[in-house]
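Residue numbers (the UniProt record's numbering): 1 to 265.
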Amino acid sequence: MDWHYVDLQAKQWVMEAGDKIRDSFTETLNIQTKSNPNDLVTNIDKEIEQFFINKVRKTFPNHRILGEEGFGDEVNTLDGVVWIIDPIDGTMNFIHQQRNFAISLGVFENGIGKIGIIYDVAHDELYHAVTGQGAFMNDTELPPLNQATVKESIIALNATWVMENHRIDHNLLKPLVRDARGTRSYGTAALEMVFVATGRVDAYISMRLSPWDVAAGSVIIEELGGVVTNLRGNKLDFLSKDSLLVAKPGLHQTIINDYLKQGKW
């Protein structure tokens, strides 16, 4: 497999898709709900996913596609080459803010992440990595991630998880929030993983994400020496929904050992 060629094509398509999304800013969106009233999808999400699917199928007919909006293939294994695509991660932000959303595209071979691309469309920032070749923001190489302590860290975490909710005991994460330097929430897993990659935040925690939310970011994070697991400390399988802990080296294990072990995740 010529991964250089795959990477070039993927980046070109992501940039083209970004242009299409920016062009849509002046349009009236067709907004629909999915699983609940806050799980939104627009005609642009669907059009962008179909754009990627057409490109991949024409250029790499033997590759399979796992996409958020369901226009790709029925993917039950990661055998061969699989593209894992979220056309717009952070759709609610896209609708309400026209910022704080991203295109997220990961390419895996036999379950191993090979290419990760996350495009912050509003800021024209392309984060990308090919395994073993470094990670970049546009043309600038990102430095490896350094160790961090909880008391010096900013943790990306939705406030929902420290309020009463139906998914977890809201008291479990309160000690981490109390001990950290600060918390942030951006409403897009792809960008919150990128913010760990760039050191803007030190860790990111979420309770239930899909493969297309995390596939690209995991390639970028791991290329920089960061750690990507679920909240039990296990590797993700990229075929099912799971919890997520992304953090700098050292900090990841500290959060698992000192704050998460007592939880049923």
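C-beta: ideal position from N, C-alpha, C; glycine also.
- Counting only runs that start and end inside the segment 61–129, the beta strand (DSSP E) elements of at least 3 residues fall at 64–67, 81–89, 102–109, 112–120.
- Nearest to residue 238 by C-alpha distance, out of 150, 253, 108, is 108.
- For residue 75, same chain residues with a beta-carbon under 8 Å away, outside a window of 5 residues either side, are 64, 65, 66, 82, 239 in chain order.
- By alpha-carbon distance to residue 10, the top candidate from 134, 141, 78, 115 is 115.
- Taking one beta carbon from each stretch, the segment 206–218 and the segment 136–146 have fewer than 3 pairs nearer than 8 Å; the two do not touch.
- Contact annotation: the segment 229–236 does not touch the segment 178–194, with fewer than three C-beta pairs closer than 8 Å.
- Relative to the Cα of residue 111, the nearest Cα in the group 79, 102, 161 belongs to 79.
- Within the segment 218–262, the beta strand (DSSP E) runs of at least 3 residues that lie entirely inside it are, in chain order, 227–229, 242–247.
- CA-CA distance, residue 213 to residue 188, rounds to 8 Å.
- Judged by DSSP in its simplified three-state form, residue 148 adopts coil rather than helix or strand.
- Taking residue 129 as the centre and dropping the five residues before and after it, the same chain places the C-beta of 116, 135, 219, 220, 223 closer than 6 Å to its C-beta, in chain order.
- Taking the CA atoms as reference points, residue 258 sits about 21 Å from residue 236.
- When secondary structure is reduced to three states using DSSP, residue 132 falls in the coil class, being assigned neither helix nor strand.
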